[in-house]
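Only one structure is covered here, and it is reproduced in the block below.
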Amino acid sequence: MLIAGNWKMNTDLPGGRALAEDIAEGIAAAGDRFAEIDFAVCPPFVHLQAVGEALADSPVALGAQDVHAEDEGAFTSDVSAPMLTSVGCSHVIVGHSERRQYYDETDAQVNDKARQARRHGLVPIVCVGETLEQRRTGNAESVVRAQLEGALDGVPVASADDLVVAYEPVWAIGTGESATPTQAQDLHAVVRADLSERYGDAIAADVPLLYGGSMKPHNAADLLSQPDVDGGLIGSASLEADSFLGIAERAVEVQSAK
Ligand code: 13P
Numbered sequence: 021m022l023i024a025g026n027w028k029m030n031t032d033l034p035g036g037r038a039l040a041e042d043i044a045e046g047i048a049a050a051g052d053r054f055a056e057i058d059f060a061v062c063p064p065f066v067h068l069q070a071v072g073e074a075l076a077d078s079p080v081a082l083g084a085q086d087v088h089a090e091d092e093g094a095f096t097s098d099v100s101a102p103m104l105t106s107v108g109c110s111h112v113i114v115g116h117s118e119r120r121q122y123y124d125e126t127d128a129q130v131n132d133k134a135r136q137a138r139r140h141g142l143v144p145i146v147c148v149g150e151t152l153e154q155r156r157t158g159n160a161e162s163v164v165r166a167q168l169e170g171a172l173d174g175v176p177v178a179s180a181d182d183l184v185v186a187y188e189p190v191w192a193i194g195t196g197e198s199a200t201p202t203q204a205q206d207l208h209a210v211v212r213a214d215l216s217e218r219y220g221d222a223i224a225a226d227v228p229l230l231y232g233g234s235m236k237p238h239n240a241a242d243l244l245s246q247p248d249v250d251g252g253l254i255g256s257a258s259l260e261a262d263s264f265l266g267i268a269e270r271a272v273e274v275q276s277a278k
């Protein structure tokens, strides 16, 4: 299981550092309890270095929330893959619905970013998910399939360690209303089947498929116990160590039953 936090545009530098320290301390205090759980946090760019330092002795991977498709150049305000690797990032979110929604990011751009991440040894966390309107009109599955086709076309994945996919229904993000476990499982199965066609069954079986959208300690167990839900991409509940690690506790409980 992979429990990943997307801090979005939250925390200032001292607050981000303190949150990372609290998470690291909580994991250390749990001893072997979280030994089978993988963790990642994706803070704002400006906190990456400080958070990386705070997590240096912990098992928590460092991820960014976006990346530019070029190595360098005149792209004011953008951040490159070499910059991310130079501060210790191993993961990067691409195609988050907030990037698609507020910055009109297209599947083609998400694809460029995912390829760029792989070129630099970063693991892309590729986000897909339908809007409420798309779900209401019965198009959730086709939307997710099209997003995968657009985002993953030509992205080299030689092992399951090279990719993470997050299914994040847009209507569940930040609303307090998560998908039901069945809704999540149904779409995760669609993602798994797509990855099988694309990369073969063996790789597809082990690519972590994260659910994102109002995952909290109280609903995490039901979501994480679904066969194709391999973890969570957590927004607001990742902004406090207690709730973030509370979700990890649920992951430990359901993992042993899977
Ligand atoms: P919330 O957990 O706040 O709904 O956010 C989910 C998300 O968008 C993670 O990327």
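Residue numbering for the sequence shown follows this note's numbering, beginning at 21 and increasing consecutively. Here a beta-carbon is modelled for each residue, glycine too, at the ideal position from N, C-alpha and C.
Each residue's CA atom was taken as its position, placing Gly141 and Cys109 some 10 Å apart.
About 14 Å separates the beta carbons of Ala137 and Ala178, which is beyond the 8 Å limit, so they are not a contact pair. Taking a 10 Å sphere around the C-beta of Thr31, we find 16 or more other C-beta atoms and assign the residue as buried.
Selection Glu269, Asp91 and Val274 evaluated against Ala50 yields Glu269 as nearest (Cα-Cα). Leu215 sits away from Leu152, with the two beta carbons spaced by 9 Å or more. Membership of Ile43 in the alpha helix (DSSP H) is indicated by the continuous run Leu33 to Ala49. Annotation: His208 is outside any beta strand (DSSP E); the continuous alpha helix (DSSP H) that includes it extends over Pro201 to Tyr219. Separation of His116 and Tyr219 (C-alpha to C-alpha, rounded to the nearest whole angstrom) is 22 Å. Counting the other Cβ atoms within 10 Å of the Cβ of Met29 gives fewer than 16, which makes it exposed.
If you look at Pro102, you'll find it in the alpha helix (DSSP H) that goes Ala101 to Ser106. Separation of the CB atoms of Val71 and Pro79 is rounded to 14 Å, and the pair is thereby denied contact status at 8 Å. In the three-state reduction of the DSSP assignment, Ile254 falls in the strand class, which pools E and B. Across the set Ala225, Val227, Ala222 and Gly251, the C-alpha of Gly251 shows the shortest separation from the C-alpha of Met235. Excluding its 5 nearest sequence neighbours in each direction, Gln246 has C-beta neighbours in its own chain below 7 Å: Pro201, Ala204, Gln205 and His208, listed in chain order.
Selection Tyr231, Ile113, Asp91 and Val175 evaluated against Trp191 yields Tyr231 as nearest (Cα-Cα). DSSP lists no bridge partner for Ala171.
Counting only unbroken stretches of 3 or more residues, the beta strand (DSSP E) elements lying wholly within the region 127 to 185 are 143 to 148, in sequence order.
Val146 and Ala186 have their C-alpha atoms some 6 Å from each other. Note that the C-beta distance between Val112 and Val87 is below 9 Å. Rounded to the nearest whole angstrom, the CA to CA distance from Ile23 to Gly93 is 34 Å.
Taking all protein chains in view, the Cβ of His238 is surrounded by fewer than 16 other Cβ atoms within 10 Å, so the residue is classified as exposed.
Here Glu161 has Val210 as same chain residues with Cβ atoms under 6 Å from its own Cβ, once five neighbours each way along the sequence are excluded.
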